Amino acid sequence: MNTNLKMRPGRPLAYSTMERRRLILAAAERVFVEQGYGASTMEEIARAAEMSKKTLYQFFSDKEAVFSELLQSEDMPEFPEIEADANDPASALLLRDTLITVTKFILDPRHVALTRLVIAEAPNYPELAKSFYNNYIERFKTTLRDRLLELEKAGVAGAASAVAMVEPLVGATIGSSHMMALLRCQEFTAEDVENRVELAMKLVGIECTKGSCREAATDPSPAGN
């Protein structure tokens, strides 16, 4: 049962304080993304939230307060969790699935729009920008490092320098793609992401296609022949 909505006979729905706050933040996100933070006003946020400015100011003192809470709210995109198989933590297929899932998440239009917004306001909100980066990109790197270390322990040849491979893998999967998405040059399909990830996997000596992965073949010829 939804306890946030209170029914009043003969009157419109009344929202709880928490629900009103969420409505304001959702409206603010739309306004900030569509118009840019600098061009947005409290009046436009109130209109998008379908409430009066007086009501809006009961929750937030100014636009800066709205922006700050938005970037720290529970409604921000949640970093995807990809659980490792306890019986096979050193799975190349798990690495592939992790790369695909997180890359799709980073390139999702909503996440790209929020990233664009954070970059634009980073000089004014450096701590929020740093937190945003840590919550997504740095977390992506940490997850990749864990996956690669498991492969290194398992003796996968290409993962012999697991930690050193993190930055190249991130660059190969989201580097230029993220920049193109931020600049509105291109949107990426699921197939684009999968192809890019499978190409990047070769950096750690693994060839993958849908459903299977194997160590890339090496040249068996003796040196000097």
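Residue numbers (numbering that gives the first Met the number 0): 0 to 224. Ideal Cβ placement from N, Cα and C applies to all residues, glycine included. Note that this is a predicted model, so its numbers are computed, not measured.
Tell me the DSSP secondary structure of residue i in three-state form.
i      : result
Thr213 : At residue 213 the sequence reads Arg, which differs from the Thr that was named. If DSSP states are grouped into helix, strand and coil, Arg213 belongs with the strands.
Thr172 : helix
Glu206 : strand
Tyr14  : strand
Met225 : In the structure as shown, the chain begins at 0 and stops at 224. Residue 225 is therefore absent and cannot be evaluated.
Ile105 : helix
Ala27  : helix
Leu182 : coil
Tyr36  : coil
Ser67  : helix
Ala167 : Here residue 167 turns out to be Pro, not Ala, going by the sequence shown. Helix.
Thr188 : coil
Ile81  : coil
Met75  : coil
Glu49  : coil
Pro125 : helix
Quick check on the burial criterion: 16 or more other C-beta atoms within 10 angstroms. Buried or exposed for residue i?
i      : result
Ile232 : Absent from the structure is residue 232, since the part of the chain shown begins at 0 and ends at 224.
Arg109 : exposed
Thr239 : Residue 239 is absent from the model: the chain starts at 0 and stops at 224.
Thr172 : buried
Ala153 : exposed
Ala180 : buried
Ala48  : buried
Gly170 : exposed
If I measure Cβ to Cβ from residue i and keep anything under 6 Å in the same chain, skipping five residues before and after, which residues do I get?
i      : result
Ser72  : Leu24
Asp191 : none
Could you work out which residue in the options is closest to residue i when comparing CA atoms only?
i      : options                         : result
Ala161 : Ala189, Met200 and Thr188       : Met200
Leu182 : Ala171, Ser39 and Ala112        : Ala112
Phe66  : Lys53, Lys52, Met41 and Thr54   : Met41
Glu68  : Arg115, Ser130, Ser51 and Thr54 : Ser130
Would residue i and residue j be called neighbours here (beta carbons separated by less than 7 Å)?
i      : j      : result
Cys212 : Leu92  : yes
Tyr36  : Glu137 : no
Phe78  : Arg20  : no
Arg146 : Leu94  : yes
Phe139 : Val101 : yes
Glu214 : Gly204 : yes
Pro167 : Leu127 : no
Could you pull out every residue in the same chain whose Cβ sits closer than 7 Å to the Cβ of residue i, ignoring the five residues on either side in sequence?
i      : result
Ser39  : Val30, Phe31 and Lys62
Ser176 : Leu106, Phe187 and Arg195
Going along the chain, which residues of its own chain have a beta-carbon closer than 8 Å to the beta-carbon of residue i, five neighbours each way excluded?
i     : result
Asp96 : Ile81
Ile44 : Ile23, Ala26, Ala27, Val30, Leu55, Lys62 and Val65
Gln34 : Glu43
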